[in-house]
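Sequence order for the protein chains is A and B.
Per this note's numbering, the first sequence starts with residue 345, numbered consecutively.
Per this note's numbering, the second sequence starts with residue 345, numbered consecutively.
We put the beta carbon where it would ideally sit given N, CA and C, even for glycine.
Here is the structure we will look at.
There are 2 protein chains.
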Amino acid sequence: MERTLIRDTTAKINKEVLLKGWIKTRRDHGNLIFLDLYDRSGLIQMVVNPKVSGDSYKIAQEIKTEFVVEVIGKVNKRPKNAVNKNLLTGEVEIEVLKIIILSKAETLPFDMGGEDLNLELPTLLDHRPLTLRHLKIKSIFEVQEFIADSFRKKAKDLGCTEIFVPTISASATEGGADVFGIDYYSHRAYLTQSPQLYKQMMVPVFERVFTIAKAYRAEPSVTTRHLSEVTQMDCEFGFIDFNMLLDLLEDVGRETIKGAVEKTSHVLKLLNIEKPKIKTKIPRLALREAQEIIYKKLGRDNRNEPDLSPQDEIDLGIWAEKEHGSDLVTITHFPTKKRAFYTMPDPTKSEYSLSYDLLFKGSEIASGSQRINDYSAVVKAIKDRGLNPKDFEMYLMAFKYGMPQEGGFSFGLERMTMKLLSLTNIREASLYPRDMERVDERFSSVSKKD
Amino acid sequence: MERTLIRDTTAKINKEVLLKGWIKTRRDHGNLIFLDLYDRSGLIQMVVNPKVSGDSYKIAQEIKTEFVVEVIGKVNKRPKNAVNKNLLTGEVEIEVLKIIILSKAETLPFDMGGEDLNLELPTLLDHRPLTLRHLKIKSIFEVQEFIADSFRKKAKDLGCTEIFVPTISASATEGGADVFGIDYYSHRAYLTQSPQLYKQMMVPVFERVFTIAKAYRAEPSVTTRHLSEVTQMDCEFGFIDFNMLLDLLEDVGRETIKGAVEKTSHVLKLLNIEKPKIKTKIPRLALREAQEIIYKKLGRDNRNEPDLSPQDEIDLGIWAEKEHGSDLVTITHFPTKKRAFYTMPDPTKSEYSLSYDLLFKGSEIASGSQRINDYSAVVKAIKDRGLNPKDFEMYLMAFKYGMPQEGGFSFGLERMTMKLLSLTNIREASLYPRDMERVDERFSSVSKKD
Numbered sequence: 345m346e347r348t349l350i351r352d353t354t355a356k357i358n359k360e361v362l363l364k365g366w367i368k369t370r371r372d373h374g375n376l377i378f379l380d381l382y383d384r385s386g387l388i389q390m391v392v393n394p395k396v397s398g399d400s401y402k403i404a405q406e407i408k409t410e411f412v413v414e415v416i417g418k419v420n421k422r423p424k425n426a427v428n429k430n431l432l433t434g435e436v437e438i439e440v441l442k443i444i445i446l447s448k449a450e451t452l453p454f455d456m457g458g459e460d461l462n463l464e465l466p467t468l469l470d471h472r473p474l475t476l477r478h479l480k481i482k483s484i485f486e487v488q489e490f491i492a493d494s495f496r497k498k499a500k501d502l503g504c505t506e507i508f509v510p511t512i513s514a515s516a517t518e519g520g521a522d523v524f525g526i527d528y529y530s531h532r533a534y535l536t537q538s539p540q541l542y543k544q545m546m547v548p549v550f551e552r553v554f555t556i557a558k559a560y561r562a563e564p565s566v567t568t569r570h571l572s573e574v575t576q577m578d579c580e581f582g583f584i585d586f587n588m589l590l591d592l593l594e595d596v597g598r599e600t601i602k603g604a605v606e607k608t609s610h611v612l613k614l615l616n617i618e619k620p621k622i623k624t625k626i627p628r629l630a631l632r633e634a635q636e637i638i639y640k641k642l643g644r645d646n647r648n649e650p651d652l653s654p655q656d657e658i659d660l661g662i663w664a665e666k667e668h669g670s671d672l673v674t675i676t677h678f679p680t681k682k683r684a685f686y687t688m689p690d691p692t693k694s695e696y697s698l699s700y701d702l703l704f705k706g707s708e709i710a711s712g713s714q715r716i717n718d719y720s721a722v723v724k725a726i727k728d729r730g731l732n733p734k735d736f737e738m739y740l741m742a743f744k745y746g747m748p749q750e751g752g753f754s755f756g757l758e759r760m761t762m763k764l765l766s767l768t769n770i771r772e773a774s775l776y777p778r779d780m781e782r783v784d785e786r787f788s789s790v791s792k793k794d
Numbered sequence: 345m346e347r348t349l350i351r352d353t354t355a356k357i358n359k360e361v362l363l364k365g366w367i368k369t370r371r372d373h374g375n376l377i378f379l380d381l382y383d384r385s386g387l388i389q390m391v392v393n394p395k396v397s398g399d400s401y402k403i404a405q406e407i408k409t410e411f412v413v414e415v416i417g418k419v420n421k422r423p424k425n426a427v428n429k430n431l432l433t434g435e436v437e438i439e440v441l442k443i444i445i446l447s448k449a450e451t452l453p454f455d456m457g458g459e460d461l462n463l464e465l466p467t468l469l470d471h472r473p474l475t476l477r478h479l480k481i482k483s484i485f486e487v488q489e490f491i492a493d494s495f496r497k498k499a500k501d502l503g504c505t506e507i508f509v510p511t512i513s514a515s516a517t518e519g520g521a522d523v524f525g526i527d528y529y530s531h532r533a534y535l536t537q538s539p540q541l542y543k544q545m546m547v548p549v550f551e552r553v554f555t556i557a558k559a560y561r562a563e564p565s566v567t568t569r570h571l572s573e574v575t576q577m578d579c580e581f582g583f584i585d586f587n588m589l590l591d592l593l594e595d596v597g598r599e600t601i602k603g604a605v606e607k608t609s610h611v612l613k614l615l616n617i618e619k620p621k622i623k624t625k626i627p628r629l630a631l632r633e634a635q636e637i638i639y640k641k642l643g644r645d646n647r648n649e650p651d652l653s654p655q656d657e658i659d660l661g662i663w664a665e666k667e668h669g670s671d672l673v674t675i676t677h678f679p680t681k682k683r684a685f686y687t688m689p690d691p692t693k694s695e696y697s698l699s700y701d702l703l704f705k706g707s708e709i710a711s712g713s714q715r716i717n718d719y720s721a722v723v724k725a726i727k728d729r730g731l732n733p734k735d736f737e738m739y740l741m742a743f744k745y746g747m748p749q750e751g752g753f754s755f756g757l758e759r760m761t762m763k764l765l766s767l768t769n770i771r772e773a774s775l776y777p778r779d780m781e782r783v784d785e786r787f788s789s790v791s792k793k794d
């Protein structure tokens, strides 16, 4: 008999089917045992009745959560009052005729059968291969898949070519100390802090490019918003000006979120997440305007700060939602000194730059800028930061041989997932998060220090 | 005036358009200057006539290859005898009314204007940001994009969920010495040799998964087929048996190649590449059968070798093409010892394993196996290889709590690109290839040794 996927059972009422999957819950009603079976297509309730199959009943008594089984059963329509409207297969159930255990599971270290998995974050991560199996945890990554998918679709619609760029580089390319060193044969190499320099080099090749790439930051701090290894979704465009870039940033942000929301409305419902407010017109503020609003509304005077604080971002999120009904707000013109060397200073006021962040529900999810595209200006910018143009020879070659006005942006996949699902810690939005305390297991020396 | 993309000029005959792009060639006919302009949508011929615009003619005399320009011009239909059938815009040309130089290019270190870019590989790579601009070089990566795209499409059609897995791991997970070490805060970490262990851990979460991920191999050798950083396209499936896996392997391989070929037929024509022979039925041979064929046909006795040599792969490619009209051939049952610890031994003959390689035009492009899915059997396999189960705690957790029969495979994106386009060196199929001699620039110490 050929295997039937769980979601297809509803089209096979009164027929015998072969199902395979994991047992998610087992409820023993004495005379009947109810088993919830899960496969990649969904969840279904099965009933084991000793009067129907004594053997199955005996086996079902032994079965525990996460056992892998193969079942032959009859698809029965449930009586109307027993229909489960929250379940795709809620109108049917399986009358078990035969059950075979394919793989046993040890007793779980905690209860996985509840609607929520109420675990502290360290426990959640210590048992990642197990906790990811919980419906609400795995749902996070279904949403993540569609964020990436919608981004890719939008980037392609905009004429971007997908590129695959390296993550090993010869020097700490963007400057700063937060870089991981690698023993590269008998040399020293580094993990790229972003795909930035490579996507820029690709502008004269394809004019518009995108990449989903890993980025590594050795920031020696533990926050709820940062990881040591993240997934970036990057675009870069030639022949643009600053206003076109802002339009592109917002267009990609808007469509990525909207696309993910459309594709995963069942998941958002399950996770009890309200649809985000995504408007056609997204409010735009220069950094100093944003700080002025915070000062006027809340009396907090950050008007001379070179960047937004996390609390500023939260308050601007509230402001944008209240004043513009928008969960997105764009902040522009950060001080030139605060941004990377390749950022174009504002020609009318060079202490500020043609840069931008996109905030979503009170947190930065994307960052970018128009870039310096004149060869000698890039060389000068590198020198001004105390960096050595010798370390950027290949990068500079792209500018030496004809580079138009260009710019782009980078979305953080984990950050977007976190904000869209209102998670409190970015680690929940990474399958296997890396930070200074953990690579899969926690580092023992760190545990000792705690 | 709004910018027109070059490919859209054919719909604007006799109209004035604004074009932006890079100058690819400049031909001075004395009384006329011909310029080929390139943007992300295509290439077009422009004519600068001093009688039409004296200013433009003056500027055009200064223009060189790779200059970035903005042009206002009239779209003229070419006379029939001047139509260029090899060009999408070959029925029209632009009569230049005004030209502005947006960005100059230094004199190129070699001629980029020819139909082919005849450079030695080191030169090609030393000037990567420039050489990638050549039409035939950049075309390689248009094909690469569609290989990845077709793989993704096929994996999704098969019900796989896309996952994003880490590239930093706590131990040299697959064993062996060919691993790059990282200074990870005050700890030692490693770059993953493949996404293998993570995709396996995701089987009990999504049952079927895929990922496009980086893999790192510190092999201290320089061959035409290996890179230190590669892009892998991986699938993993639960509830399978060995024959299903072979079907899935071949299905993904077939559809990925076919999809890429369909989407890039213009590129294959440009690169003078014959369409590969992709049959519905792909020949399958056990390793020992394959070696027997080589012995019988060519007298080369490798019948006791644990693996195919590169020459064996080439000869099997020729055999498959000749005998079965197929550019693909599947080789199965490699010796258990030669494969990674997680490979399932053949239950009927445990010195051979339920493993497979897919060869394409005489070279391995994919590799995989059914995996050991029983918890204690995995622990034993780890110990048998002299590895420490303590280093695999998280991985083993996936098996401790219910793992069905599972398996999968991994395609090398650069390797597939190389074979599909008959490139002689895998470095040509990587935008910025990494090997022991080069990370962008060649390492000076290596140059000295040469």
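Assuming residue i contacts residue j (C-beta within less than 8 Å), just tell me the rounded distance between them.
| i | j | result |
| --- | --- | --- |
| A:S385 | A:R422 | So it is not a contact: roughly 19 Å between Cβ atoms. |
| A:L381 | A:V392 | Rounded, the Cβ-Cβ distance is 11 Å, inconsistent with contact. |
Whose C-alpha, out of the options, is nearest the C-alpha of residue i?
| i | options | result |
| --- | --- | --- |
| A:N317 | A:G712, A:D372, A:I662 and A:I481 | Here chain A covers residues 345 to 794 and nothing more, so residue 317 of chain A does not appear. |
| A:G603 | A:T680, A:H531 and A:T761 | A:T761 |
| B:A634 | B:E649, B:L474 and B:K623 | B:E649 |
| A:Y719 | A:F704, A:F736 and A:S707 | A:F736 |
| A:D578 | A:G597, A:K429 and A:L387 | A:G597 |
My output table needs one value for residue i: the three-state DSSP class, helix, strand or coil.
| i | result |
| --- | --- |
| A:Q537 | coil |
| A:R422 | coil |
| A:G434 | coil |
| A:V427 | coil |
| A:N688 | Just to set this straight, residue 688 of chain A is Met in the shown sequence, not Asn. Coil, per DSSP. |
| A:I626 | coil |
| A:D372 | strand |
| A:Q749 | coil |
| A:P777 | coil |
Check whether chain B comes within 8 Å of residue i, counting only Cβ atoms and requiring the distance to be less than that.
| i | result |
| --- | --- |
| A:S791 | Per-residue confidence for A:S791 stands at a pLDDT of 41, beneath the threshold of 50, marking its modelled position as unreliable; the derived number appears in the next sentence. No, no contact with chain B. |
| A:F787 | yes |
| A:L672 | no |
| A:K763 | no |
| A:R569 | no |
| A:A355 | no |
| A:S513 | yes |
| A:K543 | no |
Check whether the Cβ atoms of residue i and residue j sit closer than 8 Å, and answer yes or no.
| i | j | result |
| --- | --- | --- |
| B:Y745 | A:L740 | no |
| B:I770 | B:T568 | yes |
| A:R370 | A:K408 | yes |
| A:V413 | A:K359 | no |
| B:H677 | B:S699 | yes |
| A:T575 | A:I507 | no |
| A:Y529 | A:A516 | no |
| B:T536 | B:E435 | no |
| A:Q544 | A:R782 | no |
| A:E573 | B:T511 | yes |
For chain A, is any of its Cβ atoms less than 8 Å away from the one on residue i?
| i | result |
| --- | --- |
| B:H531 | yes |
| B:F524 | yes |
| B:I507 | yes |
| B:V566 | no |
| B:D784 | yes |
| B:T575 | yes |
| B:A684 | no |
| B:G434 | no |
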